[in-house]
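Student: Before anything else, here's the structure in question.
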Amino acid sequence: MNNTNENELVILRDVWKIFSMGNTEVQALRGVSLSIHRGEILSIMGPSGSGKSTCMNMIGCLDRPTKGDVIINGRNTATMNENELATFRNKTVGFVFQQYFLLPNLNVLENVMLPLRYQKIPIEQRRERAEEALVRIGLADRLTHKPNELSGGQRQRVAIARATVTKPMLILADEPTGALDSETGHSVLDLFQEINAEGTAIVIVTHDPEIGRTAPRMVKIKDGLLSED
Ligand code: ADP
Ligand code: MG
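Mapping the sequence shown onto our numbering, position 150 (from 1) lands on 147, and the numbers just tick up by one.
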C-alpha cells in the first residue's frame, strides 16, 4: 500500500487525541492533518494549552492518537508495535525540550553519547561521534562538565548535540527557546538553521510568534485545530 509520496516524512491524518480525566474529557487534538516534508523547517505556533505538545508527541510517536492515522516513512504506525516505534524514535527523530532533560549525573560528553548506546555502536565510536557533535556546536571545552555547571544556552546546545548525534532525519523541538533570553534563543535558532542546511527536517513548537515567524513554513494551532495560510 502506498500511503505517501516520497517527500513526506511524517503524515498526521485526521488525528484526534482525547484525554479522559475522571468523567471529564479533554479534546487536545480535534482532527489534525499535517505533512512534514523531508528537509524542511516548520513551526507549529499556538497559545498555551492549544495542543502543541500533544501534536509534537504524535509526530514523534511518543504517544498514540485516539483516532486517525500517523504515517512515518510510508508506514502506518497503527501497524507497529512499541519496539518498532522505539526504534523509529531512536533512529529517525531527535528530541529537544524547553527543560533540556539532560541527565544530571552524567557529564556533557556522556549525555551526548547516550542515544548511540541503543544503536549497539562500540564505545570508542560513540565517544568520537559525541565529541564531534559537541565540537561542531562550540562546546569542545565543556566535555567533562556536568549540566549544572553550564548556562541555559549551553545546556540547550548539549541537548541539541544529543539530538543530532544519531544523524536523525527529523528534529522535534518543543519550546526550545522557552527558557532562554532572546539573544541566546536566537543563537539556538541559528543552530537549527545550520543543522537544517545539512538536510535534517526541523519542527519548532512555540507559543512565541516572533520565534514562529523565523520558520519558512508556519502552521497555527488553536483549541486542538490546526490551520495553515
Ligand atoms: P500546549 O503544548 O499547546 O501548551 P498541550 O498539548 O500540552 O498544549 O495540551 C493541550 C490540552 O490537553 C490542554 O488542555 C492540556 O491540559 C491537555 N492535556 C495535555 N496532556 C494531557 C494529559 N496527559 N492528560 C490530560 N490532559 C492533558
Ligand atoms: Mg506544550
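Note that beta-carbon positions come from the ideal geometry of N, C-alpha and C, so glycine has one too.
Compute the minimum distance between the beta carbon of Ser40 and the heavy atoms of ligand 2, and state whether it is under 6 Å.
Tutor: Taking the first residue of the sequence shown as position 1, residue 40 is located at position 43. No, the Cβ of Ser40 stays beyond 6 Å of every heavy atom of ligand 2.
Student: Could you check whether the Cβ of Ser50 sits closer than 6 Å to any heavy atom belonging to ligand 2?
Tutor: For this step, residue 50 is matched to residue 53 along the sequence shown. With a cutoff of 6 Å, Ser50 counts as near ligand 2, since its C-beta is closer than that to a heavy atom of the ligand.
Student: By a C-beta neighbour count over all protein chains shown, 10 Å radius and 16 as the cutoff for buried, is Met18 buried or exposed?
Tutor: Within the sequence shown, numbered from 1, the residue matching residue 18 stands at position 21. Met18 is exposed by the Cβ-count criterion.
Student: Could you check the C-alpha separation between Thr63 and Val23 for me, to the nearest Å?
Tutor: Taking the sequence shown and counting its residues from 1, one reaches residue 63 at position 66. Taking the sequence shown and counting its residues from 1, one reaches residue 23 at position 26. In a straight line, the C-alpha of Thr63 is about 12 Å away from that of Val23.
Student: Tell me whether Glu207 is buried or exposed, calling it buried when 16 or more other Cβ atoms sit within 10 Å of its Cβ.
Tutor: Translated into positions along the sequence shown, residue 207 becomes position 210. The residue in question, Glu207, is exposed, as its Cβ has fewer than 16 Cβ neighbours within 10 Å.
Student: Check whether the region 119 to 138 touches the region 76 to 87, counting contact only when three or more Cβ pairs, one atom from each stretch, lie closer than 8 Å.
Tutor: Flag = no, the region 119 to 138 and the region 76 to 87 do not touch.
Student: Measuring from the CB of Gly65, is there a heavy atom of ligand 1 at a distance below 6 Å?
Tutor: Start at 1 with the first residue of the sequence shown, and residue 65 comes out as number 68. Incorrect: Gly65 has no Cβ contact closer than 6 Å to ligand 1.
Student: Can you tell me the Cα-Cα spacing of Asn54 and Thr163, whole angstroms?
Tutor: Looking up residue 54 in the sequence shown gives position 57. Looking up residue 163 in the sequence shown gives position 166. If I take the Cα positions, the gap works out to 19 Å.
Student: Taking Ser168 and Gly46 to be in contact with their CB atoms under 8 Å, please state how far apart those CB atoms are, rounded to whole angstroms.
Tutor: Counting from 1 along the sequence shown, the entry for residue 168 is found at position 171. Counting from 1 along the sequence shown, the entry for residue 46 is found at position 49. Here residue 168 turns out to be Ile, not Ser, going by the sequence shown. With a Cβ gap of about 24 Å, Ile168 and Gly46 do not count as contacting.
Student: Rounded to a whole number of angstroms, what is the C-alpha to C-alpha distance between Thr74 and Val7?
Tutor: Residue numbering aside, residue 74 sits at position 77 when the sequence shown is read from its first letter. Residue numbering aside, residue 7 sits at position 10 when the sequence shown is read from its first letter. When rounded, the distance between both Cα atoms is 10 Å.
Student: Just confirm the distance between the C-beta atoms of Gln153 and Leu136, as a whole number of angstroms; I'd bet it's less than 8 Å.
Tutor: By 1-based counting over the sequence shown, the position of residue 153 is 156. By 1-based counting over the sequence shown, the position of residue 136 is 139. Rounded, the Cβ-Cβ distance is 11 Å, inconsistent with contact.
Student: Helix, strand or coil for Ser40 per DSSP?
Tutor: The count along the sequence shown starts at 1 and reaches residue 40 at position 43. Strand, per DSSP.
Student: Beta-carbon within less than 6 Å of Asp60's beta-carbon, same chain only, minus the 5 sequence neighbours each way: which residues are those?
Tutor: As a first step, residue 60 is located in the sequence shown; it is residue number 63 there, counting from the start. For Asp60, where only same-chain residues beyond five positions count, the Cβ hits under 6 Å are Asn54.
Student: Buried or exposed for Ala25, please, with buried defined as at least 16 other CB atoms from any protein chain shown within 10 angstroms of its CB.
Tutor: Sequence index remark: in the sequence shown, residue 25 carries index 28 (1-based). Ala25 comes out buried.
Student: Ordered along the chain, which non-local residues of its own chain (more than five positions away) have a Cβ less than 8 Å from that of Ala198?
Tutor: One-based indexing of the sequence shown puts residue 198 at position 201. Taken in chain order, the residues that qualify are Leu6, Ile33, His34, Arg35, Gly36, Glu37, Ile38, Leu39, Met166, Leu167 and Ile168.
Student: Quick one: grab the DSSP three-state call for Val12.
Tutor: On the sequence shown, position 15 is the one that residue 12 refers to. Residue state, collapsed to three classes: strand.
Student: Examine chain D for any beta-carbon lying closer than 7 Å to the beta-carbon of Arg123, and answer yes or no.
Tutor: Here chain D cannot be found, since the structure has a single protein chain.
Student: Can you give me the C-alpha to C-alpha distance between Gly28 and Leu223, rounded to a whole angstrom?
Tutor: To locate residue 28, count along the sequence shown from 1; it is residue 31. To locate residue 223, count along the sequence shown from 1; it is residue 226. Their Cα atoms are separated by approximately 8 Å.
Student: Please go through the same chain and pick out, in chain order, the residues whose beta-carbon is closer than 8 Å to the beta-carbon of Asp11, but skip the five residues on each side of it.
Tutor: Locating residue 11 in the sequence shown gives position 14, counting from the first residue. For Asp11, same chain residues with a beta-carbon under 8 Å away, outside a window of 5 residues either side, are Gly28, Val29, Ser30, Lys64, Gly65 and Asp66 in chain order.
Student: Run through DSSP, which three-state label would Met(-2) get?
Tutor: Counted from its first residue, the sequence shown places residue -2 at position 1. Confidence at Met(-2) is low in this model, with a pLDDT of 44, below 50, so its placement is unreliable and the value that follows should be read with caution. Here DSSP, grouped into helix, strand and coil, assigns Met(-2) to coil.
Student: Using DSSP with H/G/I as helix, E/B as strand and the rest coil, what is Gly182?
Tutor: Residue mapping note: residue 182 aligns to position 185 of the sequence shown, counting from 1. Gly182: helix per DSSP, three-state reduction.
Student: Thr203 lies in the beta strand (DSSP E); which residues open and close that run?
Tutor: As a working note, residue 203 is residue 206 in the sequence shown. Segment Ala198 to Thr203, the beta strand (DSSP E) holding Thr203.
Student: Going by Cα to Cα distance, which pick from Gly43, Cys52, Asn4 and Ile41 is closest to Ile15?
Tutor: To locate residue 15, count along the sequence shown from 1; it is residue 18. Nearest option by C-alpha distance: Cys52.
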